[in-house]
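See below for the structure under consideration.
There are 2 protein chains.
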Amino acid sequence: MTIQTIGIIGSGNLGTRIGLQAAISGYAVSMYDLDERSLTRSMGSMKKLLSHLTSTRQITEEMGVQAMDKILFSQYLNLALQNVDLISESVVEDAAIKTRVWKEIGELAPSHTIFTTNTSYLLPSQFAEVSGRPEKFCAFHFHDVFYSRVVDIMPHPGTAQEVISLLENLGRKLNQVPILIKKEHSGYIFNTLLIAWIDAAGRLLTGEIAEVEAIDKSWMVNFGMSAGPFGILDNVGLDTAWQITSTRRNPASRAFAALLETYVHQGKLGTKSGEGFYTYPNPSYKHPDFLK
Amino acid sequence: MTIQTIGIIGSGNLGTRIGLQAAISGYAVSMYDLDERSLTRSMGSMKKLLSHLTSTRQITEEMGVQAMDKILFSQYLNLALQNVDLISESVVEDAAIKTRVWKEIGELAPSHTIFTTNTSYLLPSQFAEVSGRPEKFCAFHFHDVFYSRVVDIMPHPGTAQEVISLLENLGRKLNQVPILIKKEHSGYIFNTLLIAWIDAAGRLLTGEIAEVEAIDKSWMVNFGMSAGPFGILDNVGLDTAWQITSTRRNPASRAFAALLETYVHQGKLGTKSGEGFYTYPNPSYKHPDFLK
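Here the protein sequences line up with chains A and B, keeping their order.
Start counting the first sequence at 1; every next residue gets the next number (the UniProt record's numbering).
Start counting the second sequence at 1; every next residue gets the next number (the UniProt record's numbering).
Have a look at this one:
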């Protein structure tokens with residue numbers, strides 16, 4: 001089958017980016033959100049993203065205009081689902097809400113439509129059955145769409161092989177690097193590596209082995225990366241990092257979660273709040289003499 | 001005090017690099033090894049390194065000639081230790097051997113000489129007392145000197161503050177980024193982060209969650225790094241990785257150690273043997289279309 005129309009369920013940050021990239025790649029797009037204000041914000045965000053993409057010459061202005069013309073915004077699910085060949089769901093990361101949404105989608109979507117969830121930590125098998133078409137159900141997980149161009153394809157045991165192949169092709173058409181996960185695994189690959197790495201950095205800090213800057217420098221110089229674990233954490237957001245770390249049980253992670261909590265309670269959330277492990281907009285780790 | 005002469009104990013790969021950089025930075029250098037052939041190899045390696053540094057215009061040919069003139073090679077410890085202001089010890093990573101060496105150095109070195117060990121996983125407190133001058137004893141750990149320009153400064157509880165400050169200055173003069181470790185910690189910072197990261201990658205592989213290439217891609221695209229964990233492992237050497245991983249006790253690490261063992265037993269040691277997780281000299285992860 002050929003994908004022509006993509007339905008985006010949930011018009012938050014990532015849904016907006018996926019929808020915009022799909023339109024830029026030439027697909028017709030239905031953006032659905034039950035909250036009209038979210039749809040309005042989504043449209044505004046798309047215009048900002050397009051202006052960034054055109055100013056950095058990644059696309060022409062004409063391509064941006066054409067992309068916007070391909071997007072339908074709707075707060076009516078049955079309208080949004082008409083004629084869609086594939087659905088990408090990015091509603092809030094809550095299993096009960098996603099279950100309700102997938103039940104409803106399963107009842108309303110055309111029978112040929114492929115179902116994908118953009119969940120970060122939940123598993124496709126949690127929603128495959130309730131959707132009514134487990135063989136067409138797969139996780140299709142975007143990282144950031146425009147900056148980190150990775151899309152994870154994570155089937156559950158009942159996903160059809162042809163759906164996996166179709167998603168690999170679609171991922172490339174959406175200008176992403178498709179990464180196949182062979183078995184369901186919470187956090188896919190990148191977050192599994194990232195969390196282990198950040199956990200180790202947290203242990204060094206709470207164990208008073210070294211300071212934030214020393215830990216970041218050590219990684220940055222060795223691997224030529226432009227940030228170390230704490231610079232990355234500031235970008236992730238310390239509130240998000242705290243949420244993730246606080247689910248972990250070993251004593252060292254708990255100590256780091258407790259430290260993150262003190263930051264969050266002081267309103268230090270990282271880049272977005274102007275302060276985290278570093279202060280912004282000019283964090284010391286970006287200074288030219290940081291690695292001297 | 002001012003450092004003018006540096007004694008390098010052990011003329012293996014890293015001792016050779018430290019000695020050469022010290023001479024390039026203007027210090028007089030005594031290279032000691034009890035094995036004359038090792039000293040001969042060291043001299044040859046230095047010449048190769050200098051030819052690389054001059055051909056890449058990091059130093060002039062004249063600087064290279066001047067550097068070689070500053071280096072004395074000796075297989076007599078008492079001769080090598082005459083007039084040295086600081087010692088950098090890079091003998092084999094064996095606590096019994098290092099203990100014997102430090103006892104001997106402590107008896108022969110001038111009384112003002114500062115003592116540093118380049119150990120990778122042992123702790124300075126294991127040798128501080130036997131050296132006879134714990135307050136002057138500190139770990140001063142180089143990574144690669146020319147490519148990864150990091151030097152870790154890891155005192156034990158008895159190291160004098162002035163020795164720490166002196167080593168920070170010396171690290172910069174040796175063209176390194178000095179990283180202060182506040183408390184003794186096996187593996188310093190970088191190896192702690194690296195091992196946690198590689199451990200997580202190993203779990204994903206042995207748990208059959210994803211293939212080597214998928215795991216590496218995910219990291220490379222997200223962080224713009226030129227290699228992922230398995231590309232890095234091939235560079236580290238699978239024999240070294242196996243040695244480190246096999247000391248770990250959790251079941252997932254043991255499974256990965258068992259996998260590494262099968263590679264090592266087949267002679268697949270990574271880059272240096274021509275095969276590891278990738279094949280060399282043209283591993284797929286360096287192909288231009290790997291991230292497509």
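Note that beta-carbon positions come from the ideal geometry of N, C-alpha and C, so glycine has one too.
Which runs of the beta strand (DSSP E) at least 3 residues long sit entirely within the stretch 252-292 of chain B? Give them in chain order. none
Looking only at C-alpha atoms, which of Ile-59/A, Gly-10/A, Asp-152/A sits nearest to Ser-42/A? Counted from its first residue, the first sequence places residue 42/A at position 42. Of Ile-59/A, Gly-10/A, Asp-152/A, the residue nearest in Cα terms is Gly-10/A.
For the alpha helix (DSSP H) that contains Leu-233/A, what are its first and last residues? By 1-based counting over the first sequence, the position of residue 233/A is 233. 229-236 is the span of the alpha helix (DSSP H), which, as asked, contains Leu-233/A.
Given Ile-215/A, which residues of its chain have a CB within under 7 Å of its CB, disregarding the five upstream and five downstream residues? Taking the first sequence and counting its residues from 1, one reaches residue 215/A at position 215. If we look at Ile-215/A and ignore the five residues flanking it on each side, its Cβ neighbours are Ala-201, Leu-204, Leu-205, Gly-228, Pro-229, Phe-230.
The stretch 135-167 of chain A: positions lying closer than 8 Å to chain B by Cβ: His-143, Ser-148, Arg-149, Val-150, Asp-152
Enclosing beta strand (DSSP E) for Thr-113/B [first to last residue]: For this step, residue 113/B is matched to residue 113 along the second sequence. No beta strand (DSSP E) holds Thr-113/B; DSSP gives it neither H nor E.
Rounded C-alpha distance that separates Lys-103/B from Phe-127/B: If you number the second sequence from 1, residue 103/B lands on position 103. If you number the second sequence from 1, residue 127/B lands on position 127. Approximately 8 Å, taken between the alpha carbons.
Starting from Val-84/B, follow the beta strand (DSSP E) in both directions and report where the run begins and ends. Residue mapping note: residue 84/B aligns to position 84 of the second sequence, counting from 1. Element bounds for Val-84/B: n/a, residue is neither H nor E.
What first and last residue would you give for the alpha helix (DSSP H) that runs through His-52/B? Taking the first residue of the second sequence as 1, we reach residue 52/B at position 52. 36-55 is the span of the alpha helix (DSSP H), which, as asked, contains His-52/B.
Every unbroken alpha helix (DSSP H) inside the stretch 69-154 of chain A [4 residues or more]: 77-81, 95-108, 125-128
Does the distance from the CB of Ile-114/A to the CB of Val-150/A come in under 7 Å? On the first sequence, position 114 is the one that residue 114/A refers to. On the first sequence, position 150 is the one that residue 150/A refers to. The answer is no: Cβ separation not under 7 Å.
Under the three-state reduction of DSSP, which class applies to Ala-28/B: helix, strand or coil? For the purposes of this step, residue 28/B is taken as the residue at position 28 of the second sequence. In this structure, Ala-28/B counts as strand in the three-state DSSP scheme.
Given this structure, state the Cα-to-Cα distance separating Gln-266/A from Trp-242/A, to the nearest angstrom. As a first step, residue 266/A must be located in the first sequence, where it is residue number 266. As a first step, residue 242/A must be located in the first sequence, where it is residue number 242. Roughly 13 Å between the two C-alpha positions.
Quick one: residues in its chain with C-beta nearer than 6 Å to the C-beta of Val-212/B, no 5 flanking neighbours on either side, listed in chain order? As a position in the second sequence, residue 212/B is number 212, starting the count at 1. So the list reads Phe-230, Phe-277, once near-sequence residues are dropped.
Closer than 7 Å to chain A by CB, Ser-284/B: On the second sequence, position 284 is the one that residue 284/B refers to. At a cut-off of 7 Å between beta carbons, Ser-284/B makes no contact with chain A.
Extent of the continuous beta strand (DSSP E) to which Gly-7/B belongs: Taking the first residue of the second sequence as 1, we reach residue 7/B at position 7. Taken as a continuous stretch (DSSP letters only), the beta strand (DSSP E) holding Gly-7/B covers 5-9.
Can you round the beta-carbon distance between Leu-77/A and Leu-108/A to whole angstroms, since I take them to be within the 8 Å contact cut? The sequence position of residue 77/A within the first sequence is 77, counting from 1. The sequence position of residue 108/A within the first sequence is 108, counting from 1. Correct: roughly 6 Å between the Cβ atoms.
In whole angstroms, what separates the C-alpha of Ser-148/A from that of Ser-120/A? Translated into the one-based positions of the first sequence, residue 148/A becomes position 148. Translated into the one-based positions of the first sequence, residue 120/A becomes position 120. Cα-Cα distance, rounded: 15 Å.
Nearest chain C C-beta to Ser-218/A closer than 7 Å, yes or no? Looking for chain C here will not work: the only protein chains present are A and B.
Among Lys-173/B, Asn-235/B, Ile-244/B, which has the Cα closest to the Cα of Tyr-27/B? Taking the second sequence and counting its residues from 1, the one referred to as residue 27/B is at position 27. Checking every option, the nearest Cα to that of Tyr-27/B belongs to Lys-173/B.
Taking the CB atoms as reference points, tell me whether Phe-137/B and Pro-124/B lie closer together than 7 Å. By one-based count along the second sequence, residue 137/B stands at place 137. By one-based count along the second sequence, residue 124/B stands at place 124. For Phe-137/B and Pro-124/B, yes; Cβs fall inside 7 Å.
If you follow the beta strand (DSSP E) that Leu-180/A is part of, which residue opens it and which one closes it? Position 180 of the first sequence holds residue 180/A. That run of the beta strand (DSSP E) goes 177-180.
Mind listing the chain A neighbours of Asn-235/B? Cutoff is C-beta to C-beta under 7 Å, in chain order. Taking the first residue of the second sequence as position 1, residue 235/B is located at position 235. Residues of chain A passing the Cβ test: none, with the nearest at roughly 11 Å.
Thinking C-alpha only, which one of Ile-105/A, Asp-69/A, Phe-223/A is nearest Val-84/A? Within the first sequence, numbered from 1, the residue matching residue 84/A stands at position 84. Comparing Cα positions, the closest option is Ile-105/A.
Does the beta carbon of Thr-18/A sit closer than 7 Å to a beta carbon anywhere in chain B? Mapped onto the first sequence, residue 18/A falls at position 18. This sequence places Ile at residue 18/A; Thr is not what is there. Chain B contact via Cβ: absent.
Using DSSP with H/G/I as helix, E/B as strand and the rest coil, what is Arg-172/A? Residue numbering aside, residue 172/A sits at position 172 when the first sequence is read from its first letter. If DSSP states are grouped into helix, strand and coil, Arg-172/A belongs with the helices.
Just mark Leu-260/B as buried or exposed, buried being the case when its beta carbon has 16 or more other beta carbons within 10 Å. If you number the second sequence from 1, residue 260/B lands on position 260. With 16 or more Cβ atoms within 10 Å of its Cβ, Leu-260/B is classed as buried.
Nearest to Asp-33/A by CA position, among Ile-18/A, Ser-45/A, Ala-80/A, is which residue? Walking along the first sequence from the start, residue 33/A turns up at place 33. Of Ile-18/A, Ser-45/A, Ala-80/A, the residue nearest in Cα terms is Ala-80/A.
Coil, strand or helix - Gln-58/A by DSSP: For the purposes of this step, residue 58/A is taken as residue 58 along the first sequence, with counting starting at 1. Coil at Gln-58/A, not helix or strand.
Where Gly-19/A falls: helix, strand or coil (DSSP): To locate residue 19/A, count along the first sequence from 1; it is residue 19. Gly-19/A: helix per DSSP, three-state reduction.
Quick check: Phe-190/B and Asn-222/A, are their CB atoms within less than 7 Å of each other? Counted from its first residue, the second sequence places residue 190/B at position 190. Counted from its first residue, the first sequence places residue 222/A at position 222. Yes, the pair counts as a contact, with Cβ atoms nearer than the cut-off.
Would you check whether the ligand GDP has a heavy atom nearer than 6 Å to the C-beta of Asn-282/B? The ligand content of the structure shown is nil, which means the ligand GDP is not present either.
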